[in-house]
Amino acid sequence: MFSCGRPIARFTYHDLTRQAPDTVKFMNQSQRAESYKWDFGDGQESMEAEPTNRYTHSGNYVVRLTAMKGKKKRIMEKRILISPPDKCLVEIETRFGNMLVELYDETPQHRDNFLKLAEEGYFDGMLFHRVIDGFMVQGGDPDSKNAPAGKALGMGGPGYQVPAEFNPKYIHIKGALAAARQGDQVNPEKKSSGSQFYIVQGKPVSESNLQITEARNGVQYTPEQKEEYMTIGGTPFLDQGYTVFGQVIEGLDVIDSIATVKTDSRDRPLEDVAMKIRVIK
2 MFSCGRPIAR FTYHDLTRQA PDTVKFMNQS QRAESYKWDF GDGQESMEAE
52 PTNRYTHSGN YVVRLTAMKG KKKRIMEKRI LISPPDKCLV EIETRFGNML
102 VELYDETPQH RDNFLKLAEE GYFDGMLFHR VIDGFMVQGG DPDSKNAPAG
152 KALGMGGPGY QVPAEFNPKY IHIKGALAAA RQGDQVNPEK KSSGSQFYIV
202 QGKPVSESNL QITEARNGVQ YTPEQKEEYM TIGGTPFLDQ GYTVFGQVIE
252 GLDVIDSIAT VKTDSRDRPL EDVAMKIRVI K
């Protein structure tokens, strides 16, 4: 009879092909338990009955469920395999939520530089220091770390630039990740900042305005690109002037949340919006 009072730890999850990043829902099938402790194998834990866990890196993880009743407990373990992503991905964490960003292989110098800095933790603790509602949110200035209120920002960097990598496939639609740079007067080759970047918010654009942009900037949009600009919006006047090297594929609403914060006369948010960037691999 003593053994009958012990809890039984049992759980399952949908055994699908999984790629990082992936959110896994665990289904608790334990019996006679009063409380639970989960260890997901990636450093994350939970005390919920049926938790979810987001795996941001590939790996072969051991998930452990401890079912408890008073001083009695039982443990069950299962392995979960998370495969590497097919695309080059990074995740930008903010207090408003996270943005999952695809980096383009066709802009290899920008891709590799961004990955290198992210791997080093270079961006962690930096601010979105320039925010303009209806236009974009900008960050990547190392001087923004622990910057006091009112400090002018936007001039910092790692001490080098990245050659421009313009590609007509990649345009400034909402969610585009692009490199900031110095103006044409001092930077006629349009080289990018080594670290500063912006993410486009923009607004829907009329077809007539797109035609004006085509004539002014010497670009020719595909029907699909025009449709994107007219529906989700963007900033087409920046095309072929600034390198677009990625796109937000999850978390577009986070851009909107950041863009609506109150700012000072220099477009710096009155309440800091810090970031952390991790490479998904």
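To convert, take the position in the sequence shown, counting from 1, and add 1; that gives this note's numbering. Where is the CB? At the ideal position from N, CA and C, for every residue including glycine.
Report task. Look at the alpha carbon of Met276 and the alpha carbon of Gly135, and state the distance between them as a whole number of angstroms. Result -> When rounded, the distance between both Cα atoms is 20 Å.
Query - C-alpha gap between Ser31 and Arg65, whole angstroms - result: Going from the Cα of Ser31 to the Cα of Arg65 covers about 13 Å.
Query raised in the report: CB-CB under 6 Å to Phe3, same chain, minus the five flanking residues each way: which ones, in chain order?
Result: Bear in mind that a pLDDT of 46 at Phe3, under 50, signals an unreliable position, so the number given afterwards is only what the model happens to contain. Nothing meets the Cβ criterion.
Report task. Go to Ser36, then tell me how far its beta strand (DSSP E) extends in each direction, as first and last residue. Result -> Its beta strand (DSSP E) spans residues Ser36 to Asp40.
Query raised in the report: To which residues of the same chain is Lys26 closer than 6 Å at the C-beta, ignoring the five residues directly before and after it?
Result: Cβ neighbours of Lys26 beyond the five flanking positions: Thr53.
Query - Bridge partner(s) assigned by DSSP for Tyr105 - result: Looking at the DSSP assignment, Tyr105 forms no beta bridge with any residue, so it has no partner.
Query - Coil, strand or helix - Glu208 by DSSP - result: Helix.
Query raised in the report: Taking the alpha carbon of Arg169 as the point to measure from, which residue in Leu239, Cys89, Lys282 and Pro270 has its own alpha carbon closest?
Result: This sequence places Pro at residue 169; Arg is not what is there. Nearest C-alpha to Pro169: Leu239.
Requested in this report: Pull up the distance between the alpha-carbon of Gln197 and that of Val220, whole angstroms please.
Outcome: Approximately 25 Å, taken between the alpha carbons.
Query raised in the report: How many whole angstroms separate the CB atoms of Pro237 and Tyr243, which I take to be in contact at a CB cut-off of 8 Å?
Result: Between Tyr243 and Pro237 the Cβ distance is about 12 Å, and since that is not below 8 Å, they are no contact.
Requested in this report: Could you spell out where the alpha helix (DSSP H) holding Tyr222 opens and where it closes?
Outcome: First-last for Tyr222: undefined, no H or E at that position.
Requested in this report: Closer than 7 Å by C-beta to Gly247: which residues in its own chain qualify, once you throw out the five before and the five after it? Chain order, please.
Outcome: Closer than 7 Å at Cβ, skipping near neighbours: Val102, Glu103, Leu104, Tyr105 and Leu178.
**Report entry** According to DSSP, residues forming a beta bridge with Thr358
**Finding:** Past the edges of the chain, shown from 2 to 282, lies residue 358, and the structure says nothing about it.
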